[in-house]
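Beneath this line is the structure, given in structure tokens, with notes to follow.
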Amino acid sequence: MALMTMSLIGCSQEPVKEKTQPAAGEGMTISNPVQAPAGKPDLGGSSGTSFTLADYRSFSVTEKQVSGETSQVFKDCLDSAVTTTGAYASCYYAEYEDQTSALEEALSEAIERLPDAASKNALRRDQAAWLKNREVYCEKKVEPFLEGGSIDIITRQDCALTEIVRRTLWLWEQAKRAGEGPAQSRG
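Residue numbering for the sequence shown is 20 to 206, as defined by our numbering.
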């Protein structure tokens, strides 16, 4: 059984475009006068060129991308979980903790690669807004699918996991766009 609730709740579909979703660098142009460090590939954005951070609201991921970022331990846990909400919730909780670490790594890397203090601070503010709004986003996203039973816990956790993977991939993309390295995934 692989990410069984993904298709049920639709979290891998188009992102909800509501005011509760953070702006995530919408329209922010950053000049990058820094050359790529020795030994790191230059993927553009250096030598005075500028770029605009991608709008997070329009950044979507597929179920396949999310599945590719989740650990084999998580997939095995779902496959072997006793068919109780508590067993599935335990699988999601452990994976959410792992994905939170991956998110923090991607954020640190993206901040490190940005060329100046202003753009680094803008990304930090954007991240704070995302953290503040992610629960509201998922609540609105899954509301039509809630049935009032214990499975609602899994529905919410599935959306939260999808959203954290989506944000992590977006942060890696921002690091790539900063011009100092390839887009990455935890693999």
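Ideal Cβ placement from N, Cα and C applies to all residues, glycine included.
query, result
"Three-state secondary structure (DSSP) at Lys195?", "helix"
"Pick from Glu154, Thr174 and Arg153: whose alpha carbon is nearest that of Pro163?", "Thr174"
"Find the nearest neighbour of Gln193 within the set Ser109, Val155, Glu124 and Thr103, judged by alpha-carbon distance.", "Glu124"
"Between Asn51 and Ala137, what straight-line distance do the alpha-carbon atoms span, to the nearest angstrom?", "Model confidence at Asn51 stands at a pLDDT of 29, short of 50, so the residue's coordinates are unreliable and nothing is read from them."
"Once DSSP output is grouped into helix, strand and coil, what is the label at Gly87?", "helix"
"Arg143: which of Lys83, Leu126 and Ser120 sits nearest, CA to CA?", "Leu126"
"Applying the criterion that 16 or more other CB atoms from any shown protein chain within 10 Å of the CB defines a buried residue, is Gln118 buried or exposed?", "buried"
"Can you tell me whether Ala179 is buried or exposed, with buried defined as 16 or more other CB within 10 angstroms of its CB?", "buried"
"Using the Cβ count rule (16 or more neighbours within 10 Å means buried), how would you classify Ala57?", "At Ala57, the pLDDT of 40 sits below 50, so the modelled position is not reliable and the matter cannot be decided from this model."
"Does DSSP put Gly58 in a helix, in a strand, or in coil?", "Its pLDDT being 38, under 50, Gly58 is placed unreliably by the model, and nothing is read from it."
"Verify whether the separation of the beta carbon atoms of Arg153 and Ile130 is less than 9 Å.", "no"
"By alpha-carbon positions, which one of Leu133, Thr181 and Gly105 ends up nearest to Lys160?", "Thr181"
"Grab me the residues of Lys151's own chain with a C-beta within less than 6 Å of its C-beta, minus the 5 sequence neighbours each way, in chain order.", "none"
"In the structure shown, what three-state DSSP assignment does Val101 receive?", "coil"
"Taking Gln176 as the reference, which of Ala141, Leu190, Ala100 and Tyr107 has the closest Cα?", "Tyr107"
"Are Ala100 and Cys110 closer than 9 Å when you measure CB to CB?", "yes"
"Can you give me the start and stop residues for the alpha helix (DSSP H) that Asp145 sits inside?", "Ala136 to Val161"
"With a cut-off of 9 Å, does the C-beta of Glu192 fall near any C-beta of chain C?", "No chain C is part of this structure, which consists of one protein chain only."
"Could you tell me the alpha carbon to alpha carbon distance between Ile170 and Tyr112, rounded to whole angstroms?", "15 Å"
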